[in-house]
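One structure is given here, and the rest of the page talks about it.
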Amino acid sequence: MGKSRQSAGNSLFLRNAWYAGGFAEELDTQPMFSRKILGESVLFYRDRNGTPAAIGNLCPHRFAPLDRGTVVDGQVRCGYHGLGFDRTGKCVHNPHGKTAGLAVAAYPLAVRHGILWLWMGDAGKVDYDLLPRFPSLEEDRFHVRRGYLHGEANYQLMSDNILDLSHIEFLHPALGTDAVSRAKVETTHDERTVTTTRRMLDEVLPPTLAKVYKSGEERVNRTMEVVWSAPSNMLLAITVEPVDEAQNWTTGAQSLHLFTPETDTSAHYFYLASLDREVQDAHTADAFAAALKRAFIEEDKAMIDAQAKAIGHAEIMDLKPALLPIDKAAVLARRKLQKLIADEVAGVAANSSQSVSTMAEGTV
Amino acid sequence: MGKSRQSAGNSLFLRNAWYAGGFAEELDTQPMFSRKILGESVLFYRDRNGTPAAIGNLCPHRFAPLDRGTVVDGQVRCGYHGLGFDRTGKCVHNPHGKTAGLAVAAYPLAVRHGILWLWMGDAGKVDYDLLPRFPSLEEDRFHVRRGYLHGEANYQLMSDNILDLSHIEFLHPALGTDAVSRAKVETTHDERTVTTTRRMLDEVLPPTLAKVYKSGEERVNRTMEVVWSAPSNMLLAITVEPVDEAQNWTTGAQSLHLFTPETDTSAHYFYLASLDREVQDAHTADAFAAALKRAFIEEDKAMIDAQAKAIGHAEIMDLKPALLPIDKAAVLARRKLQKLIADEVAGVAANSSQSVSTMAEGTV
Amino acid sequence: MGKSRQSAGNSLFLRNAWYAGGFAEELDTQPMFSRKILGESVLFYRDRNGTPAAIGNLCPHRFAPLDRGTVVDGQVRCGYHGLGFDRTGKCVHNPHGKTAGLAVAAYPLAVRHGILWLWMGDAGKVDYDLLPRFPSLEEDRFHVRRGYLHGEANYQLMSDNILDLSHIEFLHPALGTDAVSRAKVETTHDERTVTTTRRMLDEVLPPTLAKVYKSGEERVNRTMEVVWSAPSNMLLAITVEPVDEAQNWTTGAQSLHLFTPETDTSAHYFYLASLDREVQDAHTADAFAAALKRAFIEEDKAMIDAQAKAIGHAEIMDLKPALLPIDKAAVLARRKLQKLIADEVAGVAANSSQSVSTMAEGTV
Chain A
1 MGKSRQSAGN SLFLRNAWYA GGFAEELDTQ PMFSRKILGE SVLFYRDRNG TPAAIGNLCP
61 HRFAPLDRGT VVDGQVRCGY HGLGFDRTGK CVHNPHGKTA GLAVAAYPLA VRHGILWLWM
121 GDAGKVDYDL LPRFPSLEED RFHVRRGYLH GEANYQLMSD NILDLSHIEF LHPALGTDAV
181 SRAKVETTHD ERTVTTTRRM LDEVLPPTLA KVYKSGEERV NRTMEVVWSA PSNMLLAITV
241 EPVDEAQNWT TGAQSLHLFT PETDTSAHYF YLASLDREVQ DAHTADAFAA ALKRAFIEED
301 KAMIDAQAKA IGHAEIMDLK PALLPIDKAA VLARRKLQKL IADEVAGVAA NSSQSVSTMA
361 EGTV
Chain B
1001 MGKSRQSAGN SLFLRNAWYA GGFAEELDTQ PMFSRKILGE SVLFYRDRNG TPAAIGNLCP
1061 HRFAPLDRGT VVDGQVRCGY HGLGFDRTGK CVHNPHGKTA GLAVAAYPLA VRHGILWLWM
1121 GDAGKVDYDL LPRFPSLEED RFHVRRGYLH GEANYQLMSD NILDLSHIEF LHPALGTDAV
1181 SRAKVETTHD ERTVTTTRRM LDEVLPPTLA KVYKSGEERV NRTMEVVWSA PSNMLLAITV
1241 EPVDEAQNWT TGAQSLHLFT PETDTSAHYF YLASLDREVQ DAHTADAFAA ALKRAFIEED
1301 KAMIDAQAKA IGHAEIMDLK PALLPIDKAA VLARRKLQKL IADEVAGVAA NSSQSVSTMA
1361 EGTV
Chain C
2001 MGKSRQSAGN SLFLRNAWYA GGFAEELDTQ PMFSRKILGE SVLFYRDRNG TPAAIGNLCP
2061 HRFAPLDRGT VVDGQVRCGY HGLGFDRTGK CVHNPHGKTA GLAVAAYPLA VRHGILWLWM
2121 GDAGKVDYDL LPRFPSLEED RFHVRRGYLH GEANYQLMSD NILDLSHIEF LHPALGTDAV
2181 SRAKVETTHD ERTVTTTRRM LDEVLPPTLA KVYKSGEERV NRTMEVVWSA PSNMLLAITV
2241 EPVDEAQNWT TGAQSLHLFT PETDTSAHYF YLASLDREVQ DAHTADAFAA ALKRAFIEED
2301 KAMIDAQAKA IGHAEIMDLK PALLPIDKAA VLARRKLQKL IADEVAGVAA NSSQSVSTMA
2361 EGTV
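Protein chains in written order, with the numbering used here: chain A, 1 to 364; chain B, 1001 to 1364; chain C, 2001 to 2364.
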């Protein structure tokens, strides 16, 4: 139970990878919390030094959830019979006998950009070079806003959504124009990433966006670059420039979309939005984050949850969906993830050589 | 998905048959709606001519439910990526490429008596002669009232209920007397129908019914004729006459009970009540419909849902229920439906020759 | 259905045993009620003499729940088609034909201590010597308080909880002190019982308990004796005495914990609390029962339901929990029950010879 590293359900997950497990600030108002990650119940708390730690949430004695206990002297104490565990997962306190041989899982954890990153695989293979870094989340330069959604869908359906932004025009009428489907899209990729860039030319932005990007009623070119990194972390960088080259200004925004499997059919969605402090003020950042939240909850989540309900427990690709050119980036990402998982299962070491290629759209 | 014609769950359903899918008036206040029929999600909408149409509700691209989209120029447009479909199910609009090869299922649909009738089987075998016609639903001659219930039970349990009206005395005390169980019952049948007639002699009707049938405190004979048609459409015609032959009057009422499988363990219940405009006024029709609705919801549905919950996913006949003479019509109907389904699965063409026979009660 | 004696789900239950099915007083305010016991829906009602009876709750005709019907002349009448059954389960009334061959299950039922005890096994093997008797529930000598909880857990997880009272210190801070884990525990057992005695020496009771046991701020020795009887009935007797031998007083309390499987993953928890009328007044009995209720609902049930949710449908012992010395009594009880069930399945008669042994703690 507590020490099992097998995934729940039928899906295989990539294990030797970093997943967003929460925000560090979640431990500011509570001594601990648990969240199911890749089918495992994980407990987050701060150790004696105040450093976040993650261990298995089920006591090995009776499988009582440790999150019903207390944190005492940097140990997690089970609320049922009092066993205590430290950040290595070892039992260090047993009011009823020996501690030897008693342990829960310990998850390598790193904090970056205020995110609690979990390594869900072999602790001997922890690779800090794979730990995501997003320069646009450095808070001295950017206004950063954070949010969380629970999705009733497989995490890959949520990645697919961001990897094909053609949906903006239809699902988010307040955030898109017909320039979206007229856009030119380019997709590049290497072993663990897919980058897809959509250039929307000569549009007047809808009011909400015009305020964020300070474009007024000016005709602009808008570029949206999405970088997917395995397993399911995505950075969306938006750049807005006037069509009139005589003018000389650029604005933009970044958003980070981190999808962490909870089970085969549900996922955690951590998102962050950032605006450049030199260009936009805090009030604009708040408005941008609020617009994203509304779109995510009322439009993306509503649609993806409904899609997932229709699909049920099946794997979407097994149902032979009609593939369109717009699916290229999502299909590439799914294939890469599938290969990484297959290699991991087969014991093949991850290969850091990166072969970048550019493919024309329409040849998925 | 969208084009699959297999039923969900373990049950086999009769496919080459007309099922009530909704009321035409449901499209008066909304441009479209979806309903699960025989395990398939079906979308109802009006085409450019205002004619109701039914197509598969899941977009073949990403299986997004089309009912989250819009109707534009008689096409259904997916709310996720904008694909458009016409009433034949063909994709006729794709902002992202070709439409060739993209389609959802199309269901033959006919409107009669304000009911949206769906042919759930082979489109090449659509048989309009099988389309139910009920003269007592012609609105120029009858007051017609419509209603809908959702049943948490297999549709055959709901048919069984109507096919054995001996339950009125026990389940609907306001609508029955002990003349119900003293009644003489005759049952006849042919290939696709079962007719069971219950003659209840010499009773004084309870107040609610006495008003509907204008019988006051008079002793009357009441006849209830139920005609079941495969798969699960039932007409109940009630006639009331005075016992005293010196008097010369007849009143009555009709109700139609259409049970459409949603899944193996749930069903749609569309019902219609009609009273003769020459005999009863609109107010009496409202009172009759209200009494039916109360009995259906508080008594029939409550009992059948509880029965279905007790039975679970099992087929009731597999549990070897004790068969009583009162079950004769229900058992006949189940056997006929079973044979029609078996023939359909075996590819045997439906045979329109009708062999009518009359069996004595008690020889189920 | 109605007559099946097989258990639902995967678990085997001990059938030739008495289970608490309800309180006799539940039939004071209603003519009948049903409860699922060992996966079977059981109907409780009073016969013509006012004597409680228990029969299968599903009518053999259509499996309609009889609890939706009425009690007429000591018969249960089905609310669907009017069949009537007496306390032997035989159909004694059929408005539609013969009664021969129609029956539901009948459960041997005995009332003792206001509890409706059900024999869930072979009626030919009813053993009244096994019917539990608890002298501390005799109402002329004791204040008796009753309560009921529904547990979303396997009944054995609930027995385990009482069989290891070391949890009091951690789960019930208002009812324990560190004397709990310092306590000396002895466990004895015979074929159908396990007795575990915990002596907590030299503690000052927390305020709530000090009031119940009238110990004030006195240092006391507290003894808790738990007697488990197969399958899952437990008596907890508490004795409190002053450490100062010069004083000469004793107080105490008893509580009865009866766990009856509903399904594999849920159980009924009937509990009774009793205080000696000569020592404590009715007000103290009310306060004691209220404290128990609060602890049971907010602490025990919350923890055990969470534990059961973590375990899911698995058998806890199959998950290889870490066994501690404190688990000794619970493990013994589980083994005895497992052996009794295996013997029953194998057709071995229960053996009334009793071999009592005392084992040192720590040798589970």
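By construction, the Cβ of each residue, glycine as well, lies at the ideal position given by its N, Cα and C atoms.
Bounds of any alpha helix (DSSP H) do not take in residue 2214 (chain C), whose DSSP letter is neither H nor E.
Proximity of chain C to residue 63 (chain A) at the Cβ level (cut-off 8 Å) is accounted for by 2307, 2310, 2311, 2316, 2319 and 2321, in chain order. Restricting attention to A:146, A:59, A:142 and A:93, the CA atom closest to the CA of residue 280 (chain A) is found in A:142. Pairing residue 79 (chain A) with residue 103 (chain A) gives a Cβ-Cβ distance that is not under 9 Å. In this structure residue 254 (chain A) is buried. Its beta-carbon is surrounded by 16 or more other beta-carbon atoms within 10 angstroms. Residue 2270 (chain C) has a beta carbon lying at 9 Å or more from every beta carbon in chain A. The three-state reading of DSSP puts residue 2283 (chain C) in helix, counting H, G and I together.
Sequence-ordered contacts of the stretch 2195–2211 of chain C with chain A are nonexistent [C-beta pairs closer than 9 Å]. Taking one beta carbon from each stretch, the stretch 2175–2188 of chain C and the stretch 2197–2205 of chain C have 3 or more pairs nearer than 8 Å; the two touch. For residue 2113 (chain C), the three-state secondary structure derived from DSSP is coil. Within the model, the alpha-carbon separation for residue 1321 (chain B) versus residue 2068 (chain C) is close to 18 Å.
Around the beta carbon of residue 1049 (chain B), a 10 Å sphere encloses fewer than 16 other beta carbons of the protein chains shown; the residue is thus reported as exposed. Here residue 1074 (chain B) is not bridged, per DSSP, to any residue.
If you check the CB distance, residue 2252 (chain C) and residue 2240 (chain C) come in under 9 Å. Legend: CB atoms of the stretch 1078–1092 of chain B lying less than 8 Å from CB atoms of chain A belong to residues 1078, 1079, 1080, 1081 and 1082. Burial state of residue 282 (chain A) is exposed, judged by a 10 Å Cβ sphere holding fewer than 16 other Cβ atoms. Membership of residue 303 (chain A) in the alpha helix (DSSP H) is indicated by the continuous run 302–311. For residue 1181 (chain B), the uninterrupted alpha helix (DSSP H) segment begins and ends at 1179–1182. Cβ-Cβ separation between residue 84 (chain A) and residue 75 (chain A): approximately 4 Å, consistent with a contact (criterion under 8 Å). By the Cβ criterion, the stretch 21–28 of chain A is in contact with the stretch 106–116 of chain A, since at least three pairs of Cβ atoms, one from each stretch, lie closer than 8 Å. At a cut-off of 9 Å between beta carbons, residue 1031 (chain B) makes no contact with chain A. Among the CB atoms of chain B, one or more fall inside 9 Å of the CB of residue 2068 (chain C). Exclusion of the five residues before and after residue 1108 (chain B) leaves 1119, 1123 and 1126 as the residues of its chain whose Cβ lies within less than 7 Å of its Cβ. Look at the beta carbons and you see the stretch 1300–1311 of chain B touching the stretch 1142–1158 of chain B: at least three pairs across the two are nearer than 8 Å. 2157, 2160, 2161, 2164, 2166, 2167 and 2169: these are the residues of the stretch 2138–2169 of chain C whose beta carbon lies less than 9 Å from some beta carbon of chain A, given in chain order.
The beta carbons of residue 228 (chain A) and residue 329 (chain A) sit closer together than 9 Å.
Residue 2264 (chain C) is outside the set of residues whose beta carbon lies under 9 Å from a beta carbon in chain A. Judged by their CB atoms, residue 2169 (chain C) and residue 2159 (chain C) are not nearer to each other than the 9 Å cut-off.
Checking the DSSP bridge columns, you'll see residue 1036 (chain B) partnered with B:1041.
The alpha-carbon of residue 1089 (chain B) is positioned some 57 Å away from that of residue 2093 (chain C). When C-beta distances to chain B are compared with 8 Å, the residues of the stretch 2091–2110 of chain C below that value are 2094, 2095, 2096, 2097, 2101 and 2102, in chain order. No Cβ of chain A is located within less than 9 Å of the beta carbon of residue 2236 (chain C). Approximately 6 Å separates the beta-carbon atoms of residue 204 (chain A) and residue 217 (chain A); this is inside 8 Å, confirming the contact.
In terms of beta-carbon proximity, residue 2274 (chain C) stays away from the interface with chain B, with every pair separated by 9 Å or more. For the set A:288, A:338, A:257 and A:173, the Cα lying nearest the Cα of residue 134 (chain A) is the one of A:257.
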